[in-house]
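See structure below.
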Amino acid sequence: MTATILFVDDEPDLEALILQKFRRQIRDGQLALMFARDGIEALEALEQNPHVDMVVSDINMPRMDGLSLLAKLQEAEVKKSTIIVSAYGDMSNIRTAMNRGAFDFLTKPIDFADLETTIQKTIRHVEMLRDVRQRQAEAERAHAALSRHFSPQLAKRLAASGESDGIEVQWREVATIFTDITGFTSLVESAPPETLGMLLNEYVGGMTEIAFTHEGTVTKIIGDAIQVLFNAPGDQPDYATRAVACAHDLDVWAEAFSARWRARGVSFGTTRIGVHAGPALVGNFGGNRFFDYTAYGDTINIAARLEAANKQLGTRICVSATVAKEADNFRGRPVGELMLRGRSEPLRAFEPLPQQKFEAPETAQYSDAFAKMEAGDAAAMPAFAALVGMHADDSLAGFHLKRLLNGAKGIRMQLE
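So in this note's numbering, spot 228 of the sequence shown is number 1642, and the numbers just go up one at a time.
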């Protein structure tokens, strides 16, 4: 590299002398030299030439002396490594220069061999600082990109260490959550842009923070839809348990969010959540110029289908039997065997419930009615009817009652 040095001295013959002494380094492209006659002229030169690597300055100069210049240089965002040169080599000046951030100190008359050695030492220091700043800038850029997907702790670790393990494309066992909002398209068409922007930013921000609290990886945010992964990029043996807990917290937060905005006169729809677990192709699919950590595969598609199934089922959360089986102490009630769009085999699904609702008498009543329906027992219809009669807000029980009234048999159902 070519190091650019600004010499600041009011002696009229210094410039010619310096150019003569360093002519070989200048010719070989090792050094580029600039000159100023006092501190004010030096600051002007630095403003016009921010690429200057280091400053060599006299102390005794008109208008602004070298120690005042040094103080100004230390106020800059990017500080210049500075060598102070003076005929006044007393301890007071040395102490002042060092306290104001001088990198080194030389006395006049100048020993050019000593000056050259000091300059080379300073250049090595400048190169080291430049390398540190570059690595810091790269880490900050990496952290900014990673923070879109990973929890703050994981993003910081990945950015600081430059780890690639787990970010490269690979097959992994994962649990994935899909969320979407009912009626969001209508809201987009009716709400003022400033309201919509504020609402959506708050919603996505809050949902993302909850995902990060459970150490989930946010792989997609498309409008109002959010996708979260567990067990990627790092190992999370309890990934199914995390996914269910995260789904519950997302649901609670989204319901409270919707209520707050309804109170302000904005009709914000219900958030639907689908959860599934299985193998997926996971990694950075953005190439060299764009970071896009995401996942593909049947597991991902099923989670999206389960999210959509909530609309017909009347539920807000729908998880697959795989998730229900893998999650510790899963509490929920069976939905049935769903024939999802694009699939030839039925998928058994469950509605996870918070502890209080799981332990409520109506959950046991639902389970009894569902067992009768699964067994083909004619008593299933009156059992569901009785449940709906006592709990009209039980949308899932109402869904099954409607199916039975329409002549449906068993627990298998075709969904759009």
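Each residue gets a CB set at the ideal place from its N, CA and C atoms; glycine is no exception.
- Contact check for PRO1647 against TYR1707 passes: the beta carbons are separated by less than 9 Å.
- Apart from the 5 residues on each side of it in sequence, ARG1437 has no Cβ closer than 6 Å to any other Cβ in its chain.
- Only residues of its own chain outside the window of five on either side were considered, and among them ILE1498, PHE1519 have a CB closer than 6 Å to the CB of ALA1511, listed in chain order.
- Scanning GLY1697, ARG1509, LYS1493 for the CA closest to the CA of LYS1634 turns up GLY1697.
- The alpha-carbon of ALA1822 is positioned some 39 Å away from that of SER1604.
- Residue pairing by DSSP leaves GLN1769 without any beta bridge partner.
- If you draw a 10 Å sphere on the C-beta of LYS1739, you find fewer than 16 other C-beta atoms in it, and that means exposed.
- Within 10 angstroms of the beta-carbon of LEU1727 lie 16 or more other beta-carbons, which makes it buried.
- Here DSSP, grouped into helix, strand and coil, assigns GLU1587 to strand.
- Counting along the chain, no alpha helix (DSSP H) covers LYS1494, and no H or E run does either.
- In this structure, DSSP gives MET1475 a state outside helix and strand, which the three-state scheme calls coil.
- The residues PHE1421, LEU1447, in chain order, have a CB closer than 7 Å to that of ILE1432 in the same chain once the five nearest residues on each side in sequence are set aside.
- Under DSSP, PRO1693 forms a beta bridge with GLU1587.
- With respect to the 9 Å criterion, THR1590 and ALA1741 are not classified as neighbours on the basis of their beta carbons.
- Counting every other CB atom within 10 Å of its CB across the protein chains shown gives VAL1492 a total below 16, marking it as exposed.
- Residue state for THR1418 is assigned as strand, using DSSP reduced to three classes.
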